[in-house]
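These notes are about the structure you will find just below.
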Amino acid sequence: MVAEQFGIDDAFPWVAEPYIQWVIEDSFCAGRPNWESVGVQMTNNVHPYEMMKIRLLNASHMLIGYLGSLAGYTYVYEVMADPLFKQAVANLMDEITPTLQPVPGINLDDYKKTLIERFSNPKIRDQLPRLCLNGAAKIPKFVLGSLRDKLQLGGAIDYLSLTIAAWCRYLNGYDDQNRPISIDDPLADILTQKARSGKTDPTPLLNIFEIFGD
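The following block contains the structure:
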C-alpha cells in the first residue's frame, strides 16, 4: 500500500494507528512551509485545542490509569474492555465538555468517540503505569481546572470526583486484591503516608496546598 500510494519501497514500514492530529499556531516571523498540504491544522489560537486535549484525553487517562490499576489491569485497552469502566470514561468526558470553548473545525462528540476508539484499540499497548506516574503534577493540570469550572457552571461532577477519589485510593500502594502498586511520583512518600493516615477519609490528601490550593 505504501508503494502504491507514495511510490516508496519501504522494507521496514512502521505501522501506526490511523489517527493523527497536529495543530500549530500560525505565528511565524519569516514565513513557513505549506504544512497544510500534509494534514497540519494551522490556527490563530491554539488554546482551545490544547484545552480540549488536556481536559478530554489527559483527564480520561487519569481515570483509566487509576481505576485500571486498582482493578489489576496492565493496559489501557484492557480497562476499556470492561463495560463499566468504558462507560465511566465516556461519562467523564461528557461531564467535562460544558467547560470547553468551541474548537474550530472540531466536532467534540466525534472527538470523544475517536478517543474511546483509540483507548479501546488492543494494538495500542499503552501501559497504565505510564498514565499514573507523577499524578501530583497531573491532577491539578488535567482534572482540577475542569472541576473548578464545572462547580461555577453547575451540573454534575460525579466522574471528576471519581477520578480524584481513584487517585487517592491508588496512593495507598495496593490494588483491590491487596497486590502492591509502585507509586511513581516525586512526592510518593508523603502522598502514600497521607493516603494511609486518612484511611477512608481523603482530607489529609486534599489539604496538600501544593496540589489542591485553598
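Under the UniProt record's numbering, the first residue of the sequence shown is numbered 1, with each subsequent residue one higher. Beta carbons: idealized from backbone N, C-alpha and C, even for Gly. Predicted, not measured: the structure shown is a model, and the values here were computed from it.
| query | result |
| --- | --- |
| Considering just the uninterrupted stretch of the alpha helix (DSSP H) at THR99, what are its terminal residues? | From DSSP, THR99 is part of no alpha helix (DSSP H); its letter is neither H nor E. |
| Within 10 angstroms of its Cβ, does CYS29 collect 16 or more other Cβ (buried), or is it exposed? | exposed |
| Answer yes or no: do PHE119 and SER60 have a C-beta to C-beta separation smaller than 9 Å? | yes |
| Roughly how many angstroms separate the alpha carbons of PRO122 and GLY65, rounded to a whole number? | 16 Å |
| When you compare each of ILE116, LYS53, GLY155, LEU162 to LYS86 by their alpha carbons, which one comes out closest? | ILE116 |
| For ASP185 and ILE208, I'd like the C-alpha separation in whole angstroms. | 15 Å |
| Out of GLY7, PHE212, GLN21, ILE157, point me to the one whose CA is closest to THR114's CA. | GLN21 |
| Quick check: the region 168–180 against the region 70–80, are there 3 or more CB pairs under 8 Å? | yes |
| Exposed or buried, GLU25, counting other C-beta atoms within 10 Å across all chains shown (16 or more means buried)? | exposed |
| Looking at LEU67: is its Cβ nearer than 9 Å to the Cβ of ALA166? | yes |
| Write down the C-beta distance between LEU128 and CYS168 rounded to the nearest angstrom, noting that I regard them as a contact closer than 8 Å. | The pair is not a contact, with the Cβ atoms about 17 Å apart (cut-off 8 Å). |
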